[in-house]
Amino acid sequence: STPHPEGTGGLAAVRQSLQRAGLGPEALDYVSAHGTGSQSNDVVETRIFKAVLGERARAVPISSLKSMLGHSLGAASAIEAIACVLAMRDGRVPPTINYTTPDPECDLDYVPNVARDHRVDVALSTAFAFGGSCSSLVLGRAEAERHAA
Numbered sequence: 023s024t025p026h027p028e029g030t031g032g033l034a035a036v037r038q039s040l041q042r043a044g045l046g047p048e049a050l051d052y053v054s055a056h057g058t059g060s061q062s063n064d065v066v067e068t069r070i071f072k073a074v075l076g077e078r079a080r081a082v083p084i085s086s087l088k089s090m091l092g093h094s095l096g097a098a099s100a101i102e103a104i105a106c107v108l109a110m111r112d113g114r115v116p117p118t119i120n121y122t123t124p125d126p127e128c129d130l131d132y133v134p135n136v137a138r139d140h141r142v143d144v145a146l147s148t149a150f151a152f153g154g155s156c157s158s159l160v161l162g163r164a165e166a167e168r169h170a171a
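With the working numbering applied, the sequence shown covers 23 to 171.
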């Protein structure tokens, strides 16, 4: 299925997850994108991240595990949440592999091809399924750990 061109469901899911976490978009250090690699989905997801992150959209690393694993369907969200926790633990964000010809409409930092050292205190994981089912999960370090550098 094709997502809404403005990503209204995905945008609502991301905003609601941040609100429920009691955080603003400025708290995000990393995004694990749904990232299916299809033009329609990736363009819409880019629009969502730009709408949520605003001026910081190009500064927050975003990557897609599906570039490495394919779409694991029902397991995808759990795997991607675990990857967010590992990024926090290891201080390293996973890459989007096989990223050779960027779409001009997908102009954010998609961590092309090589993992990167990056401190992650708060991560966002998105899942946008067929039929408009959208979910978003905010994961973060304990408050005391966030301020320790």
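All C-beta atoms in this analysis are idealised placements derived from N, C-alpha and C, irrespective of residue type, glycine included.
Is it true that the CB of residue j sits closer than 8 Å to the CB of residue i?
i	j	result
C156	A73	no
L183	V144	Here the chain covers residues 23 to 171 and nothing more, so residue 183 does not appear.
A79	L159	no
T68	C128	yes
The beta strand (DSSP E) with residue i in it runs from where to where?
i	result
G162	156-162
V53	52-54
Give me the Cβ distance between residue i and residue j, rounded to the nearest whole Å; I'm assuming they're in contact under 8 Å.
i	j	result
L75	L40	Not really, about 11 Å apart at Cβ, beyond 8 Å.
M110	V65	The Cβ separation is near 28 Å, so there is no contact.
I84	A43	The pair is not a contact, with the Cβ atoms about 18 Å apart (cut-off 8 Å).
P124	A137	Incorrect: roughly 18 Å between the Cβ atoms, too far for contact.
L161	A98	Not really, about 15 Å apart at Cβ, beyond 8 Å.
Kindly indicate which three-state DSSP category residue i falls into: helix, strand or coil?
i	result
A137	coil
A145	strand
T122	coil
S39	helix
A74	The amino acid occupying residue 74 in the given sequence is Val; Ala does not appear at that position. In this structure, V74 counts as helix in the three-state DSSP scheme.
V115	strand
S85	strand
Hey, out of the options, whose CA is closest to residue i's CA?
i	options	result
A81	H140, P126, S147	H140
A100	G162, S147, R163, E48	S147
F150	S86, P124, P134, I119	S86
V115	L33, Y52, G162	Y52
N120	E77, D112, L33, V133	V133
L33	F71, E77, S62, N63	F71
G113	T122, P126, K88, R163	R163
Can you name the start and end residues of the alpha helix (DSSP H) that residue i belongs to?
i	result
C106	98-112
Quick one: is residue i near chain D, going by C-beta distance under 8 Å?
i	result
P116	The structure shown contains no chain D; it is built from a single protein chain.
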